[in-house]
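Reading through the structure tokens given below for one structure.
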Amino acid sequence: MTEQIPALRLEGIVKTFPGVRALDGVSFSVLPGEVHALMGENGAGKSTLMKVLGGIYQPDDGRIIVNKMPAVMTSPLEAKAKGIVFIHQELSLAEELSVAENIYLGELPRKRFGLVDWTKLEAQTNEILARLKVGFDAKTRVGDLSIANQQMVEIARALTVDSKAVIFDEPTASLTDAEKVVLFDVIADLQKAGVGIIYISHRMEEIFKITDRISVLRDGQYRGTLKTAETNEEEVTQLMIGRKLDLSRNVRHHELGRVALEVRDLSCGELFRDVSFEVRSGEVVGFYGLVGAGRTEIAETLFGLRDPSAGTILLNGEEVRIHSPADAIAKGISLVPEDRKGQGLVLGMNCRDNMTLPQVDDLKAGPFVAEGSEIAIFDQYRDKLDIRTPGWKQIVGNLSGGNQQKIVIGKWLSMHPNVLIVDEPTRGIDVGSKSEIHNLIRDLAAQGYAVIVISSEMPEVLHVSDRIIAMYSGQITRTFTAEEVTEDNLIQAISGIGGSDRAA
Amino acid sequence: MQPGTLSSFLKRGAIWGFILLELIFFTVAGEFLSLSDKAFMDVDNMLLLFKQSAPIGIIAMGMTIIMINGNIDLSVGATYAISAIVLLDSLTWPIFGSLGDWVIPVSWALALLTGVVLGALNGLIVWKTGVDAFIVTLGSMLGYRGLVFMYNGEQPTSHLNWTLVDFAEAQFLGLHTATWFLLVVTAAISFLMNRTVHGRNAYAIGDNREAAVNAGIRVGPHMMINFMIIGFLAALSAVVFYSESGSVNPNDGSLYELWVITAVVLGGTKLTGGAGSILSTFGGVLAIQLLRKGLAHIGADTETVNLVIGLILIAVLFLDRQLNIKGKEELKI
Chain A
1 MTEQIPALRL
11 EGIVKTFPGV
21 RALDGVSFSV
31 LPGEVHALMG
41 ENGAGKSTLM
51 KVLGGIYQPD
61 DGRIIVNKMP
71 AVMTSPLEAK
81 AKGIVFIHQE
91 LSLAEELSVA
101 ENIYLGELPR
111 KRFGLVDWTK
121 LEAQTNEILA
131 RLKVGFDAKT
141 RVGDLSIANQ
151 QMVEIARALT
161 VDSKAVIFDE
171 PTASLTDAEK
181 VVLFDVIADL
191 QKAGVGIIYI
201 SHRMEEIFKI
211 TDRISVLRDG
221 QYRGTLKTAE
231 TNEEEVTQLM
241 IGRKLDLSRN
251 VRHHELGRVA
261 LEVRDLSCGE
271 LFRDVSFEVR
281 SGEVVGFYGL
291 VGAGRTEIAE
301 TLFGLRDPSA
311 GTILLNGEEV
321 RIHSPADAIA
331 KGISLVPEDR
341 KGQGLVLGMN
351 CRDNMTLPQV
361 DDLKAGPFVA
371 EGSEIAIFDQ
381 YRDKLDIRTP
391 GWKQIVGNLS
401 GGNQQKIVIG
411 KWLSMHPNVL
421 IVDEPTRGID
431 VGSKSEIHNL
441 IRDLAAQGYA
451 VIVISSEMPE
461 VLHVSDRIIA
471 MYSGQITRTF
481 TAEEVTEDNL
491 IQAISGIGGS
501 DRAA
Chain B
1 MQPGTLSSFL
11 KRGAIWGFIL
21 LELIFFTVAG
31 EFLSLSDKAF
41 MDVDNMLLLF
51 KQSAPIGIIA
61 MGMTIIMING
71 NIDLSVGATY
81 AISAIVLLDS
91 LTWPIFGSLG
101 DWVIPVSWAL
111 ALLTGVVLGA
121 LNGLIVWKTG
131 VDAFIVTLGS
141 MLGYRGLVFM
151 YNGEQPTSHL
161 NWTLVDFAEA
171 QFLGLHTATW
181 FLLVVTAAIS
191 FLMNRTVHGR
201 NAYAIGDNRE
211 AAVNAGIRVG
221 PHMMINFMII
231 GFLAALSAVV
241 FYSESGSVNP
251 NDGSLYELWV
261 ITAVVLGGTK
271 LTGGAGSILS
281 TFGGVLAIQL
291 LRKGLAHIGA
301 DTETVNLVIG
311 LILIAVLFLD
321 RQLNIKGKEE
331 LKI
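Each protein sequence line maps, in turn, to chains A and B.
Just so you know, the UniProt record's numbering puts the end of the first sequence at 504, numbered straight through with nothing missing.
Just so you know, the UniProt record's numbering puts the end of the second sequence at 333, numbered straight through with nothing missing.
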């Protein structure tokens with residue numbers, strides 16, 4: 001294996017930004033036909049490295065070598081021409097255009113006089129789509145596709161050129177299990193064709209399932225490459241964060257209180273049907289299921305963002321109707337949304353203003369905002385949640401994902417809610433901060449909050465929940481206690497296998 | 001049926017349905033309210049309507065590609081006025097005195113070149129500075145208008161060339177010269193946007209600029225080309241109109257940008273870019289002209305016309321939003 005010429009080789013890549021050494025001599029190589037995982041916490045330098053590879057940034061020092069040839073990439077187009085293709089994590093598609101136009105974005109086949117060769121475009125696209133075994137055709141408008149299918153369009157782009165190296169950046173973030181299987185098949189195909197693959201993901205199961213080697217970055221420095229077959233999660237994690245990580249099951253040491261939230265036969269059109277469950281104060285209830293199973297929609301209904309078509313919601317034993325988020329907040333329900341940056345924070349505002357956003361109206365001194373009370377609230381929750389920021393003036397957009405999430409949680413805690421709903425608490429948050437957020441959720445339960453956690457990551461659900469509610473296609477299929485749940489029966493319950501065993 | 005199909009079908013057909021509605025309304029209302037005994041749907045009246053649509057319509061085609069591209073151009077009215085002055089003034093320049101009527105193509109070329117250069121200037125500034133097109137063209141709108149006043153003060157610039165007037169007033173196959181220009185421009189721009197790589201890339205840039213950049217599309221040059229096209233079309237519109245009228249006031253073309261944008265938006269082009277159709281803009285142009293003409297036909301004054309068009313514009317955008325919400329099951333605000 002050592003005799004092979006690497007498909008892609010990085011030698012001592014250095015990139016500095018004012019005040020930060022983002023990449024500090026990173027070197028590793030990807031062999032043809034190899035799936036090479038690139039891991040590291042957020043801020044470790046993965047994205048910077050990828051931007052250097054993609055020609056968006058120029059390295060200050062070091063070389064990129066593609067197939068023995070030193071390559072200087074000055075634009076994304078040039079990177080692509082040299083056979084380096086990116087599958088971006090955040091979908092970068094033009095929704096109004098057709099599938100074919102998106103796949104060949106920037107390189108539409110031409111006839112004379114700059115005309116688009118539609119016949120050729122369509123034929124080539126359908127060929128690629130057939131390889132991916134997808135159920136849509138070249139002419140479909142991308143905006144009409146599901147998120148998962150849009151992801152497949154993104155992946156299809158990698159198959160258009162004679163690629164030497166394909167970089168997958170968190171490709172499975174929005175895929176269902178069935179779609180993941182297709183994706184892994186595609187990766188295997190590329191492997192057979194001798195393409196080198198860089199696979200960036202936070203998901204350990206995937207890394208251990210499909211990669212051959214794992215390279216780790218920490219603080220912009222290369223920390224080593226491990227053979228996947230000869231290592232384990234602990235070793236990789238330790239390399240990434242420099243310490244050991246607790247991934248054990250949750251053990252509760254406190255008594256549960258009374259039922260804080262009860263939901264009876266709640267339905268919302270086609271999104272979910274006849275959902276019943278209860279959450280006690282002091283309890284963490286995890287919702288687990290595939291994308292589209294209806295978990296987020298339940299949360300949105302409880303928070304007044306959607307109107308239920310049937311069913312009742314009881315808070316502390318009293319029936320309530322929730323018409324708007326303002327209503328929900330007043331009744332003590334808070335939602336930490338799935339899309340932190342889009343729905344949870346005003347990124348351009350400072351920490352204090354984000355934290356007090358829902359109650360700034362109550363903090364008035366006459367007609368003016370009472371800055372003193374705002375700062376007091378911020379200080380209180382900064383200490384309580386251990387938010388690491390230079391001060392309240394810091395713009396939230398500059399904080400790490402973990403600290404941003406703590407700001408959102410702090411914002412809702414300062415409203416003294418009864419029920420806290422956390423949707424995908426650690427999406428896009430690095431491994432080190434993940435366990436902090438998990439501990440925080442456990443602490444909140446211990447303090448008597450009723451907490452609902454929605455997550456697509458099984459280890460997370462298993463780790464934080466007292467009870468786990470499994471959903472499949474808009475319905476609850478089973479409720480597990482922490483003692484009876486196993487990875488196997490949980491997967492069965494969310495895949496709709498083995499009938500519905502409805503527990504209360 | 002895929003989600004969104006119904007709404008996009010409604011949107012695509014809506015402008016033509018609206019035009020039909022206008023025709024029926026004004027025909028019926030005209031019977032009772034009109035002071036003249038001529039029918040609204042008279043052939044001559046309709047031919048005139050096409051002709052009168054041309055000045056706004058030709059520019060609207062350019063505005064459609066600018067807006068699909070994700071930009072906007074507020075300077076078209078001023079560009080229109082400058083080009084008109086260049087056209088009429090250059091007809092009288094002594095240097096071209098020996099050319100006789102051959103001065104006409106020369107003056108046309110100069111006027112069109114003026115439009116292209118002014119457009120290129122807009123495009124270059126948007127490209128190189130990265131300042132939003134709204135701000136850049138707001139500035140050039142004021143600046144270009146300033147040039148117009150510097151040229152001749154408050155005085156109109158006039159010159160009638162009878163050969164030119166004959167050409168502009170001619171009818172070919174029943175349609176006026178101006179109508180032919182509008183039709184040819186519509187066909188050409190529609191071809192450009194649907195068939196060429198430049199056109200498709202313009203859609204992609206307006207739809208998702210980051211994706212376009214990542215795919216290696218050079219955003220700046222595409223934008224600049226589109227600004228040159230709209231400059232050219234603003235000048236062409238002036239050429240067509242002032243060949244006939246022969247006199248330009250320094251305030252001519254003011255508020256044209258707003259009429260043009262109204263027509264484009266009525267035609268369903270998204271303000272944020274990425275979606276729009278040239279043919280629907282053509283419908284939008286006709287709809288506005290029909291409304292102006294129809295309301296005048298039943299005896300309404302200009303102020304009422306503006307009020308009605310303003311209300312309709314807001315109603316259309318509201319309707320569009322409602323249709324989109326239904327399609328996507330969007331969350332409440």
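In this text, a Cβ means the ideal position worked out from N, Cα and C, and glycines have one as well.
Note that the coordinates shown come from a computational prediction; the quantities given were computed from them, not determined experimentally.
For the ligand FAD, is there any heavy atom lying closer than 7 Å to the beta carbon of residue i?
i         : result
Thr160(A) : As presented, the structure is devoid of all ligands, the ligand FAD included, so that no description of it is given.
Quick one: Cα of residue i to Cα of residue j, how far?
i         : j         : result
Lys227(A) : Ile207(A) : 11 Å
Gly273(B) : Gly344(A) : 26 Å
Thr237(A) : His202(A) : 10 Å
Gln155(B) : Ala84(B)  : 14 Å
Gly143(B) : Gly253(B) : 14 Å
Asn126(A) : Lys139(A) : 9 Å
Ser324(A) : Phe113(A) : 56 Å
Gly199(A) : Gln124(A) : The sequence shown places Tyr at residue 199(A), rather than the Gly named in the question. The alpha-carbon atoms of Tyr199(A) and Gln124(A) are separated by roughly 26 Å.
Asn149(A) : Phe136(A) : 9 Å
His176(B) : Gln151(A) : 52 Å
Asn398(A) : Val346(A) : 12 Å
Ile84(A)  : Thr160(A) : 12 Å
Whose C-beta lies closer than 8 Å to the C-beta of residue i among residues of the same chain, with five residues either side of it excluded?
i              : result
Ala120(B)      : Met224, Phe227, Met228 and Gly231
residue 505(A) : The first residue shown for chain A is 1 and the last is 504, placing residue 505(A) beyond what the model contains.
Tyr242(B)      : Ala84, Leu87, Leu88 and Val248
Ile205(B)      : Asn69, Gly70, Ala212, Ile217, Val219, His222, Met223 and Gly273
Find out if the Cβ-Cβ distance for the pair residue i, residue j is shorter than 8 Å.
i              : j         : result
Val76(B)       : Ile58(B)  : no
Val461(A)      : Ile452(A) : no
residue 513(A) : Val291(A) : Residue 513(A) lies beyond the stretch modelled for chain A, which goes from 1 to 504, so this question has no answer here.
Lys406(A)      : Ile387(A) : yes
Ile5(A)        : Val26(A)  : no
Val305(B)      : Leu317(B) : no
Gly196(A)      : Leu8(A)   : yes
Thr79(B)       : Leu118(B) : yes
Glu457(A)      : Glu338(A) : no
Gly304(A)      : Ser281(A) : no
Val285(A)      : Ser465(A) : yes
Ile167(A)      : Ala293(A) : no
Gly474(A)      : Phe272(A) : yes
By Cβ distance, which residues of its chain are closer than 7 Å to residue i, with the 5 residues on each side in sequence left out?
i              : result
Leu363(A)      : Thr356, Val369, Ala370, Ser373 and Glu374
Leu311(B)      : none
Leu444(A)      : Leu420 and Val451
Glu183(A)      : The sequence shown places Leu at residue 183(A), not Glu. Contacts found: Ile155, Pro171, Thr172 and Leu175.
residue 505(A) : Residue 505(A) lies beyond the range of chain A shown here (1 to 504); nothing can be said about it.
Let me know the secondary structure DSSP gives residue i once reduced to three states.
i         : result
Leu266(A) : strand
Glu210(B) : helix
Val346(A) : coil
Lys38(B)  : coil
Ser435(A) : helix
Lys82(A)  : coil
Tyr80(B)  : helix
Lys341(A) : helix
Tyr256(B) : helix
Ser29(A)  : strand
Leaving out five residues before and five after residue i in sequence, what residues of the same chain have Cβ atoms less than 6 Å from its Cβ?
i         : result
Thr64(B)  : Val264, Thr269, Gly276, Ile278 and Thr281
Trp259(B) : Ile56
Pro308(A) : Leu266, Cys268 and Thr301
Ala310(A) : Ser267
Ala22(A)  : Lys15, Gly45, Thr48 and Gly220
Using a Cβ-Cβ cut-off of less than 7 Å, list which residues of the segment 92 to 104 of chain A approach chain B; keep chain order. Ser92, Leu93, Ala94, Glu95, Glu96, Leu97 and Glu101
Near-chain B residues of the segment 324 to 339 of chain A (beta-carbon distance less than 8 Å), N- to C-terminal order: Ser324
Short-range partners of chain B found in the segment 67 to 78 of chain A, where Cβ spacing is below 8 Å: Ser75, Pro76, Leu77 and Glu78
By the 7 Å beta-carbon criterion, what residues does the segment 115 to 127 of chain A contribute toward chain B? Leu115 and Val116
Proximal residues, the segment 257 to 280 of chain B versus chain A, C-beta separation under 7 Å: Gly274 and Ala275
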